[in-house]
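For reference, the structure is listed below as structure tokens.
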Amino acid sequence: MSRKGEKWIKHTWEFESTEDPYAIQSAPSGEAVCPQCKSVFKDKRWFIDEELAEELLEAENVPKLLCPGCRKALEKYAMGYLFISGDFWKTHQEDMMRLINNEVEKARGLNPLHQIISIYEEEDKTIIETTTDHLAERLGRALYKAYKGDLEFKWSKGEKLVRVYWKRD
Ligand SMILES: [Zn+2]
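Those letters in the sequence shown? Residues 1 to 169, per full-length UniProt numbering, in order.
Have a look at this one:
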């Protein structure tokens, strides 16, 4: 992600202008770099640029601070939950995880705020917690698009927290 077209920048701005408390709080005055995920802060926004990240990590006068995505992940501030269930998951877990990881990378290319916080099993479900509602929704849609099954969204907290249910037997 070293080339940043006009379109890419517009997308980033859109997502960052949502009312996410973590996105609003984090406003370094100049450039900064996140030592955890290597996203960079420049021109008032966080984005992924590996080359620039390396440069900034080596620069002495650039603050190293956790980006909003990493802070949310650290504080386990989940805004999205993806519940995966059914027999299909058990037999296709590897492929599905590859798809999920690809989607996370794509979302992070738009805004590093999107991260998976944790993945765990509960009863007969696998649960993926995400830092943004957008990411859980995106992952659910990607699973549905690739593998069909049943997809359901449940919103709460003034539409800031989403539970996404994907199931295929
Ligand atoms: Zn980070």
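Note that CB positions come from ideal geometry on N, CA and C, so glycine has one too.
Quick check: what's the CA-CA separation for residue i versus residue j?
i      : j      : result
Lys76  : His92  : 28 Å
Glu31  : Arg71  : 18 Å
Leu135 : Ile128 : 10 Å
Glu14  : Leu161 : Reliability fails at Glu14, whose pLDDT of 37 lies under 50, so the model's placement of it is uncertain and no value is given.
Phe47  : Asp124 : 36 Å
Ile116 : Trp155 : 19 Å
Glu94  : Asn61  : 43 Å
Leu108 : Lys38  : In the sequence on display, residue 108 carries Arg and not Leu. Rounded to the nearest angstrom, the two C-alpha atoms are 11 Å apart.
Leu99  : Glu121 : 19 Å
Leu52  : Pro68  : 18 Å
Val40  : Glu58  : 13 Å
Asp133 : Met79  : 5 Å
Val33  : His114 : 16 Å
Glu105 : Ile119 : 16 Å
Quick check on residue i: does DSSP put it in helix, strand or coil?
i      : result
Asp87  : helix
Ala59  : coil
Glu75  : coil
Glu152 : strand
Leu65  : coil
Lys106 : helix
Leu52  : helix
Leu82  : strand
Leu161 : strand
Could you please give the first and the last residue of the uninterrupted alpha helix (DSSP H) stretch that includes residue i?
i      : result
Asp133 : 133-147
Glu122 : No alpha helix (DSSP H) contains Glu122, which is instead part of the beta strand (DSSP E) from 116-122.
Arg168 : It is not in any alpha helix (DSSP H) - Arg168 carries neither H nor E in the DSSP assignment.
Which whole-angstrom value is the C-beta distance of residue i and residue j, which I expect to be below 8 Å?
i      : j      : result
Glu103 : Leu139 : 5 Å
For residue i, I'd like the list of residues in its chain whose CB is within less than 7 Å of its CB, leaving aside the five on either flank, ordered along the chain.
i      : result
Lys167 : Ser85, Gly86, Gly149, Asp150
Thr12  : Here Thr12 scores only 37 on pLDDT, less than 50, and its place in the model should not be relied on; the value that follows carries that caveat. Arg45, Phe47, Leu110, Asn111, listed in sequence order.
Tyr144 : Leu151, Trp166
Gln36  : Leu66, Cys70
Ala146 : Leu99
First and last residue of the beta strand (DSSP E) that includes residue i?
i      : result
Lys38  : Element bounds for Lys38: n/a, residue is neither H nor E.
Glu31  : Run containing Glu31: none; DSSP gives neither H nor E here.
Lys125 : 125-130
Which same chain residues, not among the five before or five after residue i, have their C-beta less than 6 Å away from its C-beta?
i      : result
Asp169 : Gly86, Asp87
Thr126 : Ile84
Met96  : none
Leaving out the 5 sequence neighbours to the left and right, which residues in its chain are closer than 8 Å to residue i when beta-carbon positions are compared?
i      : result
Glu137 : Gly80, Phe153, Val162, Val164
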